[in-house]
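Notes follow the structure.
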Amino acid sequence: MQTSFTLAQLADPDIAASEKILRACVHCGFCIATCPTYLLDGNELDSPRGRIYLIKDMLENDRPATAEVALHIDRCLSCLACMTTCPSGVHYMHLVDHARVHIEHTYRRPRGERLLRAMLAKLMPYPRRFQLALAAAILGKPFALLAQAVGLKRLAAMLRLAPWRGPHRRLAPQIFPAAGPRIKGRVALLAGCVNDVLAPQINAAAIRVLTRSGVEVVVAEGAGCCGSLVHHMGRKEEALSQARANIDAWAALEGLDAIVITTSGCGTTVKDYGFMLRTDPAYAERAGKVAGLARDISEYLAALPLAADQSAPGLVVAYHAACSLQHGQRVTRQPKELLVKLGFQVKDVPDGHLCCGSAGTYNILQPDIARRLRERKVGTIEGLRPDVIAAGNIGCMTQIAAGTKLPAVHTVELIDWATGGPCPPALREHRSTMHPAAG
Ligand code: SF4
Ligand code: SF4
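Residues 937 to 1375 (our numbering) are what the sequence shown spells out, left to right.
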């Protein structure tokens, strides 16, 4: 694609990076066929190519974002299916991230939306605040239908997504020693924010599998949210400050083999720290090192000699490939191979490249599209008649679980169970309805 940025514009490193991305696009439109928002409504402006044109026009002409641009960019899930499909290697993720920052700086959203976004940005990345918000949401949960009926769709979406049980205490900074006489590795575990408050059993399972395999696990003092929640809302400075805090926390640790992450959305962002902080002389080098050490839990476990500890559970697992894992990190084989190796029967979800509609805060900010995508996803999953749904991202688990009675668990919970850990809580609750091998 031809561009006409001026030299003065190209002096801005963000514009220079976006210009390079725009030039790589050859307008072929292959990406359109795999874009979930285009598939729903067939609007070219809700396709990757349409969005690329909107972004090019906005940036090239150095124009403030219009309501139309904000509408179509906001509808983008950042699922990155388009990046997997693109034959020209267009880095849509960096382009849309840049567009979101430009929108945040130049477009004034309606008041209600500004407040909602500010509230999400100030609550979700901070576990204590999120715990309080979650406690309030649980009290309001019975009123979700009422909220929907009076048109408060975003409030209804928040209440529906809130779990029925109370928030959990977060994982405190500490070291979990490796079992056995010989330490085979040392990793930092990103405890995260939402993940840890909503589903502490995920990190607990990861810690058990790792330590049982001879790996020491460190939850570092000072590490917190990876920054992705605010990053995807265009709040660049907040995202960078959260990234810097993590880099400081992990750089202080000696002898790490990896930084292990159990939420694939966070993993995609941590792996991008090198790019995000490339112009910050105080952090660029360390950010690149941290990004290089980041591993999804399934990537790290795939290199360990795990073996099933009990008779193979034999459950049928519908494996939902989270977009951030399959498109963002290109981790596709390892979760399924681990499950098969440990005795599960794994089924791929048809149209597995399509997002479930979770996408960070998307299912709150765009509840209608998110609901339609969930219905489509749940339909394809239930068609497999699985015993359990496995995914590598708490966002997908929460989103899908809100639309089905099937239990949704993290892949590492199944891995832990099959290698000697407890049955995942969501599965325990469903065991009576499953076939005898689950009992
Ligand atoms: S990131 Fe996903 S929703 Fe956004 S343009 Fe690409 S495929 Fe479409
Ligand atoms: S597939 Fe790639 S090159 Fe083709 S239109 Fe989409 S982004 Fe551009």
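Heads up, the beta-carbon is just placed ideally off N, CA and C, and yes, glycines get one too.
Asked: Beta-carbon separation (whole angstroms), N1182 vs S1260, contact threshold 8 Å; Found: About 17 Å separates the two Cβ atoms, so there is no contact after all.
Asked: Per DSSP, the bridge partner or partners of I1195; Found: A1124, A1230
Asked: Under the three-state DSSP convention, the category H1041 falls into; Found: helix
Asked: Opposing strand residues paired with H1256 [DSSP bridges]; Found: A1327
Asked: Cβ contact check for the region 1253 to 1272 and the region 1005 to 1023: 3 or more pairs under 8 Å; Found: yes
Asked: Which of helix, strand or coil DSSP assigns to H1008; Found: helix
Asked: Neighbour-count burial assignment, N1131, 16 or more Cβ in a 10 Å radius; Found: buried
Asked: Extent of the continuous beta strand (DSSP E) to which V1154 belongs; Found: 1151 to 1155
Asked: Touching by the beta-carbon criterion (3+ pairs, under 8 Å), the region 1305 to 1322 and the region 1261 to 1278; Found: no
Asked: Endpoints, beta strand (DSSP E) assigned at I988; Found: Where I988 is concerned, there is no enclosing beta strand (DSSP E), although the alpha helix (DSSP H) it sits in stretches over 984 to 996.
Asked: Contact test: V1086 Cβ vs ligand 1 heavy atom, cutoff 8 Å; Found: no
Asked: Through-space distance from I1138 to G1375, alpha-carbon basis; Found: For G1375, the predicted model reports a pLDDT of 39, less than 50, meaning its position is unreliable; a value from the coordinates is still stated below. Between G1375 and I1138, the C-alpha separation is close to 21 Å.
Asked: N- and C-terminal bounds of the alpha helix (DSSP H) containing I1143; Found: 1136 to 1148
Asked: Inside the region 1029 to 1116 only - beta strand (DSSP E) runs reaching at least 3 residues; Found: 1110 to 1112
Asked: Spatial distance of V1253 from G1331 (CA atoms); Found: 18 Å
Asked: Length of the line joining the Cα atoms of A1159 and R1036; Found: 25 Å
Asked: Spatial distance of P1241 from H1168 (CA atoms); Found: 37 Å
Asked: Three-state secondary structure assigned by DSSP to D903; Found: Since the first and last residues shown for the chain are 937 and 1375, residue 903 lies out of range.
Asked: Rounded straight-line distance, which links the Cα of G1116 to that of M1029; Found: 42 Å
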